[in-house]
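Residue 1448 in my numbering sits at position 13 of the sequence shown, with consecutive numbering throughout.
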Amino acid sequence: MAVVWAKELSKYGIRVNSIAPGFINTEMVAGVPDNVKEKLSKMVPVGRIGEPDEVAQAAEFIFMNDYYSGRCVDLDGAQRM
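Right, here's the structure in full:
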């Protein structure tokens, strides 16, 4: 979807990108039992749950790079649901 909108809106100087986060340690995840979080962490190849600051770093990369457009950043520790 990002590439379609990027092609359409680039003539107006608008870049379109997205971030597809995997399992991220947010307030919503706080209610998940620890044993479930541990099992989910083992399913992620990097071996852990992502952190909100890592999502922020991905967003910063998108914001700071004016040539980056029409892409989706898969931020899921190589899990690729």
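Ideal Cβ placement from N, Cα and C applies to all residues, glycine included.
Counting every other CB atom within 10 Å of its CB across the protein chains shown gives Val-1481 a total below 16, marking it as exposed. Assignment of Val-1508 by DSSP, reduced to helix, strand and coil, places it in the strand class.
Here DSSP, grouped into helix, strand and coil, assigns Asn-1460 to coil. Linking Ser-1504 to Ile-1449 through their CA atoms gives a straight-line distance of about 9 Å. For Asp-1488 against Ala-1455, the beta-carbon gap comes to about 17 Å, at or over 8 Å, which does not count as contact. Annotation: Arg-1515 to Phe-1458 spans about 11 Å, alpha carbon to alpha carbon.
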